[in-house]
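Each remark here refers to the structure printed beneath this line.
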Amino acid sequence: LIGFEDLGDALANDTDYTFLIKLFGGCAVASYAIKYGELLFDFPFDASLGLGILVILIPSLLNAFKWYKRSLDPTFEGWF
């Protein structure tokens, strides 16, 4: 798993303008997916306590497990 803290090497060679273009493009794609995604998928927009808990719990547990693995092995960079 790669988190935001791991993007430093990938973005180190970018200029300010390329970074802003990537940032704007990512935000535009994400906002488009959120706006029109409900037409394809109903599950994120239904009132479901279990789904809400899973949406928060699964990424949090994966992040905690990644940092646990890093504490055991400092050379661990993630699975991807």
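In short: position in the sequence shown from 1, add 151, done, that's the numbering used here.
Glycine included, every Cβ here is placed at the ideal spot set by N, Cα and C.
Please read all numbers here as calculations on a predicted model, not as lab measurements.
Straight-line CA distance for residue 198 to residue 206? Rounded to whole angstroms, residue 198 to residue 206 spans 13 Å at the Cα level.
From residue 183 to residue 192, what distance separates their C-alpha atoms? Looking at the two C-alpha atoms, the distance is approximately 14 Å.
Just the C-alpha distance for residue 223 and residue 208, rounded to the nearest angstrom, thanks. For the pair residue 223 and residue 208, the Cα-to-Cα distance works out to about 23 Å.
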